Structure formats: C-alpha cells, structure tokens
Amino acid sequence: MVNGRLSERSLKRYQRVLGFAKTMLEAFTAIAAQSEGDAMRLRQLGGGKVRVDAVGNLKHDQPYPDEQVLAGRALRRVMGNRPIWIAASTREGEEEPIFEAFDRVRERFPNLLLLLVPRHPERFNQVAKLCADRGYRLVRRTEAVSEVAADVDVFLGDTLGELSTFYAAADLAFIGGSLAPLGGHNALEAAVLSVPVVIGPNYFNATEVTEALIAANAAYCVDNAESLAERVNALLDDASLREKMGASGRAFVKEGRGALGRVLELIRSSLR
C-alpha cells in the first residue's frame, strides 16, 4: 500500500471489525504511510504483523503545475483587477456559511469575487441555484466568457481537473470539507502555489499536514462564518501577510519532498 492514511476516527471504526481489518492489512507485504501518526495507527490496527514505514506524503512530490499556473494567470486577467477568494472543494452544507462570510467581507471589500469550486460535479447546478437564491450574479467557468463583468459576485468553477488553475488565479484559499464534519481536503495543492490557506476545524483526514501548515504560519484554522470572515478580511488587508504565508506554504511543500524515493526503497527492500 502506497500513501497509506488512517485517521483516528477511521481507526475507531475499524476496531469494531478488528478481525476483518487485520485480515485486510495482512494482504499487504508492506505499507508506506503518509506520516508517523498514520503509521502508528496502521501498526496498531494490524497488530504488528505487517511492515509499516512512515515515508511522507507523495503529494509533496507532485511536479510544480507550470501549465496550470499560466492558465491561472490568464484566468485572473479574465476576472479583472479585483481581489479573488477561492472556496475550494466545498461540500453540502458549507456554502451557506461561506456566503455569510463573503457578505461580511464585502462590507470592506465590495469588489471581492468569490471563486466557488464544489467538490462533486453533481452539485454544480445545485450550488448555482444556491447562488441565485442568495441574489448573487453568477458566471460559470463552462460559459467561457472573455471577461468577467465587475458586477459579478461569484465565479463557479464547474469543471474537472482545473483546481490548480483556480488556485493560481486566487489571492487566498478556503479548503472545503472542513466546516462540515467531513475531514477536510488536500491543502498542499494551494500551498505549493504560494496561496495562503484557511481551513475549518474538521480536518481529521489530513491532521498532520494541516497542523504542520498551521505551525509553519502557512494556514489559519477557523471555526465558523464569523471567524472565516475575520481571517479573509485580515489577509485581503495585508499583502505582505499573504506573501509571507504563501512563501511558508511553498517552502513546507518543498521540504517534504522525497517520499517517492522512500517508497521505491521500501518496495525494493520488500522484494529482496
């Protein structure tokens, strides 16, 4: 198993069917875990019968997305000279607090554009309706407009495979799945592009990475719409803070590289 991950919550669930979980893990010759915490929990679940090494997160080793960065810069020109906040990989129930925070922030930054990217494509139309019900003027990525009008409130990222492009177009990012109790999503995609990260309290699917980003001053954790608005306001108000957080995030991703080499060594040693 490569890039293995097991949260504390998942460990407790698997412990209810411990025999099945042990049998499942024993099918592997070795497991390359994302972190020491993941490795510890996998060893605990497997009863020490399977080799588990903490090799790091392979997402650190992903190539820098040069083409997407160029596409993001082009998209930024289409959006115009205005601050852009991306809310990425949002899940059901999260748009309302995001909208509440957005309205609060626009009291200080009335030309703010919300770049909203739902996690699942089957929700694109539903989220578009939520925007309309809120009274927002909406443009969808699939409309392929040559210029986003100044009175557009929300740009809906209703495509697949463009998240890095959207991050590259934004000034700061909120990572979805974290206001709702769903465990959060990958913040490294934003960090590698030097984009400051804001995330909700429910990041148990990526605890070690998220807490390391927070410790590196590359990310903030917020609890609700009010604190989300406060952090977005603070970041939009301070370009030097955004730059420092972005640089810290990119440095964190670079420092974590090397997992791929450790995975290959684990595979080689397991085959000897």
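Residues in the sequence shown are numbered consecutively from 20, following this note's numbering. Yeah, the Cβ is synthetic: ideal placement off N, Cα and C, and Gly gets one too. Predicted model, so just to flag it, every value in this text is computed and none were measured.
Among the residues of its own chain, which have a CB less than 6 Å from the CB of residue i, if the five just before and after it don't count?
i: Ala49; result: Arg70, Leu285, Ser289
i: Asp172; result: Tyr155, Arg156
i: Val282; result: Val21, Ala51, Val74
i: Arg160; result: Gly176, Asp177, Thr178
Straight-line CA distance for residue i to residue j?
i: Pro84; j: Ala234; result: 25 Å
i: Val36; j: Leu260; result: 47 Å
i: Asn221; j: Leu212; result: 23 Å
i: Ile194; j: Ile218; result: 5 Å
i: Leu201; j: Ser26; result: 12 Å
i: Arg269; j: Ala189; result: 15 Å
i: Gly277; j: Leu207; result: 15 Å
i: Asp170; j: Gly176; result: 18 Å
i: Ala210; j: Ala151; result: 31 Å
i: Ser197; j: Gly203; result: 4 Å
i: Val88; j: Leu133; result: 19 Å
i: Val158; j: Thr178; result: 13 Å
i: Asp57; j: Val214; result: 26 Å
i: Glu166; j: Asp80; result: 35 Å
i: Ile105; j: Arg291; result: 47 Å
i: Lys263; j: Met43; result: 44 Å
i: Val272; j: Asp257; result: 23 Å
i: Ala168; j: Arg142; result: 24 Å
i: Met59; j: Arg287; result: 22 Å
i: Glu230; j: Glu274; result: 15 Å
List the residues that DSSP assigns as beta-bridge partners of residue i.
i: Ala51; result: Asp72
i: Pro137; result: Thr109
i: Cys240; result: Ile218
i: Gly23; result: Ala52
i: Ile194; result: Ala107, Ile218
i: Arg159; result: Leu175
So, residue i versus residue j, is the Cβ gap smaller than 8 Å?
i: Ala46; j: Asp72; result: no
i: Gly91; j: Gln53; result: no
i: Leu254; j: Phe128; result: no
i: Asn243; j: Pro140; result: no
Whose CA, out of the options, lies closest to the CA of residue i?
i: Gly75; options: Leu254, Ala225, Leu247; result: Ala225
i: Gly66; options: Tyr33, Lys78, Pro82; result: Tyr33
i: Leu61; options: Ala266, Ser29, Gln81; result: Ser29
i: Glu113; options: Thr178, Arg281, Val146; result: Val146
i: Val216; options: Val241, Leu157, Gly154; result: Val241
i: Glu119; options: Arg281, Ala248, Leu283, Leu149; result: Ala248
i: Leu191; options: Phe39, Arg101, Glu86, Glu230; result: Arg101
i: Ala238; options: Val167, Lys78, Ser267; result: Ser267
i: Arg5; options: Asn130, Leu135, Arg160, Asp122; result: Residue 5 lies beyond the residue range present for the chain, which begins at 20 and ends at 291; the question has no answer from this structure.
i: Arg250; options: Ala40, Val124, Thr161; result: Val124
i: Phe121; options: Glu274, Ser246, Asp257, Phe271; result: Ser246
i: Glu126; options: Ile103, Gly275, Asn252; result: Asn252
i: Phe39; options: Leu64, Ala199, Ala231; result: Leu64
i: Gly99; options: Glu162, Arg287, Asn130; result: Asn130
i: Gly265; options: Lys148, Gly275, Asn236, Ala199; result: Asn236
Report all residues from its chain with a CB closer than 7 Å to the CB of residue i; omit the five preceding and five following residues, and keep chain order.
i: Leu94; result: Thr184, Ala188
i: Lys68; result: Glu45
i: Val228; result: Asn76, Ala206, Leu207
i: Ser108; result: Val136, Arg138, Ile194, Gly195, Gly196, His204
Short of 8 Å in beta carbon distance, which residues of its chain neighbour residue i, apart from the five on each side in sequence? Order them along the chain.
i: Val164; result: Val97, Val158
i: Leu279; result: Leu77, Asp80
Taking 8 Å as the CB-CB cut-off, is residue i touching chain C?
i: Tyr33; result: Here chain C cannot be found, since the structure has a single protein chain.
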